[in-house]
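Asker: Residue numbers (the working numbering), protein chains in the order written: chain A, 2 to 219; chain B, 2 to 219.
2 protein chains.
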Amino acid sequence: MESYTEENYLKVIYHLSNLTTGTVQTNAIADKIQTRPASVTDMMKKLAEKQLINYVKYQGVTLTEKGKATAVNIVRKHRLWELFLVNTLNFKWDEVHEIAEELEHVNSPLLIERLDEYLGYPKSDPHGDPIPDKNGNFDSPALIKLSKLKPAEKGIVVGVSEHSSSFLKYLDKIKLTLGTSVEMIEVIEFDGSVDLLIEDTRKNVSREVASHILMRTT
Amino acid sequence: MESYTEENYLKVIYHLSNLTTGTVQTNAIADKIQTRPASVTDMMKKLAEKQLINYVKYQGVTLTEKGKATAVNIVRKHRLWELFLVNTLNFKWDEVHEIAEELEHVNSPLLIERLDEYLGYPKSDPHGDPIPDKNGNFDSPALIKLSKLKPAEKGIVVGVSEHSSSFLKYLDKIKLTLGTSVEMIEVIEFDGSVDLLIEDTRKNVSREVASHILMRTT
DNA sequence: AATTTTATTTAGATTTATCTAACTTTATTA
DNA sequence: TAATAAAGTTAGATAAATCTAAATAAAATT
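(1) According to DSSP, is A/Asn205 helix, strand or coil?
(2) Can you tell me the Cβ-Cβ gap for A/Glu105 and A/Leu48, rounded? I've got them flagged as a contact below 8 Å.
(3) State the start and end residues of the unbroken beta strand (DSSP E) segment that holds B/Lys155.
(4) So with CB distances below 8 Å, who are the chain B contacts of A/Val107?
(5) List, in order along the chain, the chain B residues whose C-beta lies closer than 8 Å to that of A/Leu116?
(6) Considering only the beta carbon of each residue, do B/Thr89 and A/Tyr119 sit closer than 8 Å?
(7) Where in the region 9 to 86 of chain B do unbroken runs of the beta strand (DSSP E), each at least 3 residues long, occur, reported from the N-terminal end onward?
(8) Under 8 Å between beta-carbons, which chain B residues line up against A/Leu84? List them in chain order, please.
(9) Taking the alpha helix (DSSP H) that B/Ile100 belongs to, which residues open and close that run?
(10) How about the region 22 to 31 of chain A and the region 55 to 72 of chain A: do they share at least three Cβ pairs that are nearer than 8 Å?
(11) Evaluate contact between the region 2 to 17 of chain B and the region 191 to 211 of chain A, counting only Cβ atoms and requiring at least three cross-stretch pairs below 8 Å.
(12) Residue range of the alpha helix (DSSP H) that A/Leu116 falls in?
(13) Can you check whether the CB of A/Phe168 is closer than 8 Å to the CB of A/His213?
(14) Does any CB atom of chain B fall closer than 8 Å to the CB of A/Leu215?
(15) Leaving out five residues on either side along the sequence, give the residues of the same chain with a beta carbon under 8 Å from the beta carbon of B/Asp176.
(16) For A/Tyr119, go through chain B and note every residue whose CB falls closer than 9 Å to its CB, in chain order.
(17) Residues of chain A with a CB under 8 Å from the CB of B/Leu112: which are they?
(18) Find out if the Cβ-Cβ distance for the pair B/Met185, B/Leu150 is shorter than 8 Å.
(19) Report buried or exposed for A/Asn9, applying the criterion of at least 16 other Cβ atoms within 10 angstroms of its Cβ.
(20) Looking at C-alpha atoms only, which residue of B/Ile100, B/Val13, B/Val97, B/Val210 is the closest neighbour of B/Thr36?
(21) Just to confirm the assignment, what range does the beta strand (DSSP E) spanning A/Leu90 have?
(22) Less than 8 Å separating the beta-carbons of A/Lys78 and A/Ile113?
(23) Give a single yes or no on whether B/Pro110 has its beta carbon closer than 7 Å to a heavy atom of the ligand PLP.
(24) For a test of the three-state rule: what should DSSP assign to A/Glu220, helix, strand or coil?
(25) Put B/Ser6 into one of helix, strand or coil per three-state DSSP.
(26) Can you tell which of A/Glu209, A/His128, A/Pro127 has its C-alpha closest to the C-alpha of A/Val161?
(27) Looking at C-alpha atoms only, which residue of B/Val57, B/Gly180, B/Val107 is the closest neighbour of B/Arg217?
(28) Reducing DSSP to helix, strand and coil, say where B/Leu169 ends up.
(29) Among A/Glu154, A/Phe85, A/Val158, A/Asp173, which one has its Cα closest to the Cα of A/Thr17?
(30) Who pairs with A/Glu190 in a beta bridge, going by DSSP?
(31) With DSSP collapsed to three states, give me the class of B/Leu144.
(32) DSSP on B/Val195, reduced to helix/strand/coil?
(33) Return the Cβ separation of A/Ile132 and A/Ser141 in integer angstroms, given the expectation that the two are a contact with Cβ distance under 8 Å.
(34) Can you give me the Cβ contacts of B/Met44 inside the same chain, cut-off strictly under 7 Å, excluding the 5 residues immediately before and after it?
(35) Quick one: what does DSSP say B/Val107 is sitting in, helix, strand or coil?
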């Protein structure tokens, strides 16, 4: 059994792995978990000891199969509870995250099984994120190029199809980084460039650039 | 805010107060909470510091108004979750206690408000125990222990003062479930066990068991 | 390549909740 | 009432999760 805190670390590592598809850095974890890098290092040693992560000093961590399974199960619980809160208790989709952060740590496989059944074995939560089934399997949401978003559609940047330094530097500059939430305002007919709302700031990006950014719609 | 552990101590003190209607002893708490008396003493100092209990060395503790309000709120959450588990997720009444022990510590007043509304502001849980409303008020029905019924007196099972799975399973087995009508035939002087008429069948039940069954006389 | 900056780790404390062992107080009983 | 038993407390340790400050490693820059 993992503690409440260990579960949170695993969950955060899992989410950060998904964005970078590689190893996760100490500081990135510290940022997400609102703690100090020194505390993260301590916990990394503990999780490595328990065979939940692969940890190499100064190099960052990856989840082991065991760690990944644990993390996916927490994500499953979180998303089932979010859906329950919205569908059954009439919460709005922006009110449920904090509550689900607590509920996800309640440890009763039977409870989750029954909740899943009650909700009709749903495949996605109120934010459009996939809900893993009890074996940890889930549909990975279809990705779409930023250039193909329709006006008013929103999404999260989950990848790029161009890896040149100049391209990535440019993305950093305009704050179009992995995990950023973006809303399409309109496609300019003249040149195919797109007007976007990037974290509440309106920006225009060329078709060339927009076509190399992969989004998951939300 | 109280920690998970502090909440459990308050809840236990509350339940033990109800039974003894007076102060609660260190060892009684240690027994219930499955810890050592020394640990209880440590916690008593802490709760007294926080003005949640009145603590006099060697003399036991009582809840302050603040401590009582906190304890009643935990009981409210516990019982609402138990009812939810039985009514909505189709659990049996003997399966829900352990799960509710965890759910009761989830801290979201809005969640509990919505759950209460969803359940229709119920007044009692699956074991017949009253559910405090959001102000901490609840009906305490005049209850009598089954072991105290007089010969020929009849009553309805409305609650139990012991929630272990083995006890509840036993009650199911002998059909001494909530709502069951029971008539006292006689108390056996030798061992205090009772001869009962349970739904037209004569059965003998130990004093131990009979003392944990709460009745409303009819 | 040397220097500076950033990222990470180590060492040593702190807090919470627990423990054991020894001691003290209160209750019981002979 | 003196001895014994039971109940409760204190002192000192331990484990989990955190922290600050200092040290070290890796990356970036001049």
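The beta carbon of each residue, even a glycine, is placed where N, CA and C say it ideally should be. Nothing here was measured: the structure is a model prediction, and the numbers come from that model.
Answerer: Per the coordinate set shown:
(1) strand
(2) The distance from the Cβ of A/Glu105 to that of A/Leu48 is about 18 Å, inconsistent with a contact at the 8 Å cut-off.
(3) 155 to 161
(4) Ile100, Glu103, Leu104, Val107
(5) Leu90
(6) Result yes, Cβ atoms of B/Thr89 and A/Tyr119 sit closer than 8 Å.
(7) 54 to 57, 61 to 64
(8) Ordered by position in chain B, no residue passes the 8 Å Cβ test against A/Leu84, which lies about 14 Å from the chain.
(9) That run of the alpha helix (DSSP H) goes 98 to 104.
(10) Enough Cβ pairs lie closer than 8 Å, so yes.
(11) no
(12) 110 to 120
(13) yes
(14) no
(15) In the sequence under discussion, the amino acid at residue 176 of chain B is Lys, which differs from the Asp named in the question. Ile199, Glu200, Thr202, listed in sequence order.
(16) Thr89, Leu90, Asn91
(17) Leu86, Leu90, Ile100
(18) Result yes, Cβ atoms of B/Met185 and B/Leu150 sit closer than 8 Å.
(19) Within a 10 Å sphere around the beta-carbon of A/Asn9 sit 16 or more other beta-carbons, which makes this residue buried.
(20) B/Val13
(21) Per DSSP, A/Leu90 belongs to no beta strand (DSSP E) and is neither H nor E.
(22) Yes, Cβ-Cβ distance for A/Lys78 and A/Ile113 is below 8 Å.
(23) This structure simply doesn't include the ligand PLP, nor any ligand for that matter.
(24) Only positions 2 to 219 of chain A appear in the structure, and residue 220 of chain A is not among them; the question remains open.
(25) As written in the sequence, residue 6 of chain B is Thr, which differs from the Ser given in the question. Looking at B/Thr6 - three-state DSSP - the assignment turns out to be helix.
(26) A/Glu209
(27) Closest option to B/Arg217, Cα to Cα, is B/Gly180.
(28) In the three-state DSSP reduction, B/Leu169 falls in the helix class (H, G or I).
(29) The sequence given here places Leu at residue 17 of chain A; Thr does not occur at that position. Residue A/Val158 is the option with its Cα nearest to A/Leu17.
(30) According to DSSP, which records beta bridges pairwise, A/Glu190 is partnered with nothing at all.
(31) Reduced to three states, the DSSP call for B/Leu144 is coil.
(32) It is a strand residue.
(33) Not a contact, Cβ separation roughly 12 Å.
(34) So the list reads Tyr10, once near-sequence residues are dropped.
(35) DSSP places B/Val107 in the coil class of the three-state scheme, outside both helix and strand.
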